[in-house]
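S.K.: Below is a structure I'd like to ask you about.
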Amino acid sequence: MADEATTAPATGITVQIVTPVGEVYNEPNVELAIVNTQGGQIGIMRQHVPMLAALMIDELVVKKAGQKESLAVNGGIAEFSNDLLTVVADSAETSDNIDLTRAQSAKERAEARIAHAQDDNNDAELKRARVALMRAVNRIHVAALNHGE
Numbered sequence: 054m055a056d057e058a059t060t061a062p063a064t065g066i067t068v069q070i071v072t073p074v075g076e077v078y079n080e081p082n083v084e085l086a087i088v089n090t091q092g093g094q095i096g097i098m099r100q101h102v103p104m105l106a107a108l109m110i111d112e113l114v115v116k117k118a119g120q121k122e123s124l125a126v127n128g129g130i131a132e133f134s135n136d137l138l139t140v141v142a143d144s145a146e147t148s149d150n151i152d153l154t155r156a157q158s159a160k161e162r163a164e165a166r167i168a169h170a171q172d173d174n175n176d177a178e179l180k181r182a183r184v185a186l187m188r189a190v191n192r193i194h195v196a197a198l199n200h201g202e
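In structure tokens, the structure reads:
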């Protein structure tokens, strides 16, 4: 058995974000993670009660060592247990990995799709276009935070 006196005490939680294309983020010793669930915003710290929640298309905030990092998370689920927050997202990007020009183009395309779907009374396409718009706006918001805008 390991001597408890030599084992470093846990100082926070581990945040892990995975998508269908692989792991996007994995960081130990996080002081606070803020997730936006369908039930509202939740702040998660060490020894938080276990939870499972559906996520909104929104920013996920990680605070560690006095620094704040924002990530664009586009839906999925969050599970917290034993000081490990696992987010399984449809897609996710750290703020410094977001191509702002591409996100702005995606926003413009989604707005055009919304207008076209409204003209055609195509409810299914309208729903898909609105989701695409929310994802693009989320990416733009998170990228702007990284650039101090």
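Positions 54 to 202 (this note's numbering) are the ones given, in order, by the sequence shown. All C-beta atoms in this analysis are idealised placements derived from N, C-alpha and C, irrespective of residue type, glycine included.
Could you name the residues of the same chain whose beta carbon sits closer than 7 Å to that of residue 111, not counting the 5 residues immediately before and after it, in chain order?
M.R.: Within the sequence shown, numbered from 1, the residue matching residue 111 stands at position 58. If we look at residue 111 and ignore the five residues flanking it on each side, its Cβ neighbours are 89, 126, 191.
S.K.: Quick check: what's the CA-CA separation for residue 118 versus residue 80?
M.R.: One-based indexing of the sequence shown puts residue 118 at position 65. One-based indexing of the sequence shown puts residue 80 at position 27. Those two C-alpha atoms are separated by around 12 Å.
S.K.: Whose C-beta lies closer than 6 Å to the C-beta of residue 122 among residues of the same chain, with five residues either side of it excluded?
M.R.: In the sequence shown, counting from the first residue as 1, residue 122 sits at position 69. Here the set comprises 115.
S.K.: Is it buried or exposed for residue 146, if we count other Cβ within 10 angstroms and need 16 for buried?
M.R.: The count along the sequence shown starts at 1 and reaches residue 146 at position 93. By the neighbour-count rule (16 or more Cβ atoms within 10 Å), residue 146 is buried.
S.K.: How is residue 97 classed by DSSP in three states: helix, strand or coil?
M.R.: Within the sequence shown, the letter at position 44 stands for residue 97. Of the three classes helix, strand and coil, the one that applies to residue 97 here is strand, per DSSP.
S.K.: Tell me, please, whether the stretch 169-181 touches the stretch 81-100 by the rule of three or more beta-carbon pairs shorter than 8 Å.
M.R.: Because the criterion of three Cβ pairs below 8 Å is not met, the stretch 169-181 and the stretch 81-100 do not touch.
S.K.: How big is the Cα-Cα spacing for residue 113 and residue 65?
M.R.: Here residue 113 is taken as the residue at index 60 of the sequence shown, counted from 1. Here residue 65 is taken as the residue at index 12 of the sequence shown, counted from 1. For residue 113 and residue 65, the distance between alpha carbons rounds to 17 Å.
S.K.: Out of 153, 152, 144, 154, state which residue places its alpha-carbon closest to the alpha-carbon of residue 184.
M.R.: For the purposes of this step, residue 184 is taken as residue 131 along the sequence shown, with counting starting at 1. Taking only the C-alpha atoms, the option nearest residue 184 is 144.
S.K.: Assuming the contact rule is C-beta atoms closer than 8 Å, residue 120 and residue 107 should be a hit. Round their C-beta distance to whole Å, please.
M.R.: Looking up residue 120 in the sequence shown gives position 67. Looking up residue 107 in the sequence shown gives position 54. That pair is no contact at about 28 Å.
S.K.: For residue 69, list the residues DSSP reports as bridge partners.
M.R.: By 1-based counting over the sequence shown, the position of residue 69 is 16. In the DSSP output, where bridge partners are listed per residue, residue 69 has 79, 139.
S.K.: Give me the Cα-Cα distance between residue 178 and residue 82, rounded to the nearest whole angstrom.
M.R.: Here residue 178 corresponds to residue number 125 of the sequence shown, with the count starting at 1. Here residue 82 corresponds to residue number 29 of the sequence shown, with the count starting at 1. About 42 Å.
S.K.: To the nearest angstrom, how far is it from the Cα of residue 84 to the Cα of residue 99?
M.R.: Along the sequence shown, one-based indexing puts residue 84 at 31. Along the sequence shown, one-based indexing puts residue 99 at 46. Cα-Cα distance, rounded: 7 Å.
S.K.: For residue 138, which residues in the same chain have their Cβ closer than 6 Å to its Cβ, ignoring the five residues on either side in sequence?
M.R.: Taking the first residue of the sequence shown as 1, we reach residue 138 at position 85. 66, 68, 86, 97.
S.K.: Could you pull out every residue in the same chain whose Cβ sits closer than 6 Å to the Cβ of residue 72, ignoring the five residues on either side in sequence?
M.R.: Start at 1 with the first residue of the sequence shown, and residue 72 comes out as number 19. If we look at residue 72 and ignore the five residues flanking it on each side, its Cβ neighbours are 142, 144, 145.
S.K.: Can you list, in chain order, the residues of its chain whose CB lies under 6 Å from that of residue 57, leaving out five sequence neighbours each side?
M.R.: Numbered from 1 along the sequence shown, position 4 holds the residue referred to as residue 57. Per-residue confidence for residue 57 stands at a pLDDT of 48, beneath the threshold of 50, marking its modelled position as unreliable; no derived number is given.
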